[in-house]
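Q: Numbering (our numbering), first residue to last: 4 to 313.
Next up is a structure, given as structure tokens.
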């Protein structure tokens with residue numbers, strides 16, 4: 004149901020995109036930003052502890068690990084957590100790697116790179132071809148695309164996605180009137196509209212120079228190399244506002260306490276009419292009462308309360 008409500012600034016988990024050609028410095032930039040974010044999150048933690056809160060899904064032949072125990076841009080890069088992901092590059096496998104890192108305690112997950120999920124073996128283009136490769140087959144691929152987008156925009160951890168780019172072309176009439184391709188710039192190797200979903204997006208050029216493409220934070224202006232300090236600033240910006248995730252978590256916890264109390268009260272009733280109502284509800288839901296969700300439990304509770312009020 005639609006309603007008018009007061010607009011409030013909300014805290015968010017950062018969705019960041021770094022796109023550039025191979026070897027431009029995307030992975031290094033992502034690691035530096037990630038360290039800055041966790042350093043701001045846990046100011047009392049040791050350097051070793053902080054790096055263990057950074058996780059990488061590495062589809063680039065273990066190249067992220069080449070930075071371990073080295074110093075780059077004045078920042079020591081320690082031992083972070085990594086899931087090395089060879090083909091197939093299906094959404095299922097990205098999800099598996101992502102949640103392995105989250106469950107291992109990572110607060111920032113770097114997906115390096117998301118391009119393999121698009122054009123790599125087992126990726127979305129492969130899945131589209133497997134389903135027939137026709138235009139109308141995209142409707143069957145869309146749910147998979149949405150699952151991947153949810154990873155990149157995750158609301159429980161900060162996510163930095165890296166993507167390769169390639170030369171883009173359009174076909175148009177040339178000076179002789181014949182149709183011919185013309186270069187129009189670089190294009191991210193991923194779904195066309197995915198880049199618009201990120202809060203902050205950079206194009207990384209050779210030498211790891213970052214050009215701001217989209218910056219909701221207002222922090223970045225001129226092109227320059229990214230540092231851990233930029234990660235700290237981005238985290239501080241993301242923390243402004245109300246904590247919607249905390250409010251939602253507290254709401255769910257409250258509902259769960261109420262649900263358990265209602266289940267305990269219902270199962271403690273010995274009235275035959277109550278037993279009949281409970282049995283009918285369990286048969287309809289095909290679940291035992293202790294597995295009912297909050298709304299179903301509340302409706303059953305109200306129905307049974309009505310028995311005693313008649």
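We put the beta carbon where it would ideally sit given N, CA and C, even for glycine.
Counting Cβ pairs closer than 8 Å, one from the region 106-124 and one from the region 58-65, do we hit at least three?
A: Contact holds: three or more Cβ-Cβ distances are below 8 Å.
Q: Is the Cβ-Cβ distance between residue 22 and residue 155 less than 8 Å?
A: no
Q: With a threshold of 7 Å on Cβ separation, who are the neighbours of residue 31 within its own chain once the five nearest residues in sequence on each side are excluded?
A: 70, 75 and 211
Q: Identify the continuous alpha helix (DSSP H) that holds residue 23 and give its terminal residues.
A: Segment 18-23 is the beta strand (DSSP E) holding residue 23; no alpha helix (DSSP H) there.
Q: Is residue 80 near residue 203, with beta carbons less than 8 Å apart?
A: no
Q: In terms of DSSP beta bridges, what is residue 166 paired with?
A: 22
Q: Can you give the Cα-Cα distance for residue 191 and residue 132, rounded to whole angstroms?
A: Between residue 191 and residue 132, the C-alpha separation is close to 20 Å.
Q: What number of angstroms, rounded off, separates the C-alpha of residue 50 from the C-alpha of residue 86?
A: 21 Å
Q: Please check the pair residue 35 and residue 244, which I expect to be a contact at CB under 8 Å, by giving their CB distance rounded to whole angstroms.
A: In fact, because the Cβ distance is near 25 Å, the residues do not count as touching under 8 Å.
Q: Run the CB neighbour count on residue 56, radius 10 Å, all protein chains shown included, and call it buried at 16 or more, exposed below.
A: By the neighbour-count criterion, in which 16 or more other beta carbons inside 10 Å mark a residue as buried, residue 56 falls on the buried side.
Q: When you compare only the Cα positions, how much space is there between residue 6 and residue 93?
A: 39 Å
Q: Buried or exposed, going by whether 16 or more other CB atoms sit within 10 Å of the CB of residue 96?
A: buried
Q: According to DSSP, simplified to helix, strand and coil, what is residue 99?
A: helix
Q: Classify residue 4 as buried or exposed, calling it buried when 16 or more other Cβ atoms lie within 10 Å of its own Cβ.
A: exposed
Q: Give me, in chain order, the residues of the same chain whose beta-carbon lies closer than 7 Å to that of residue 194; leave out the 5 immediate sequence neighbours on both sides.
A: 121 and 148
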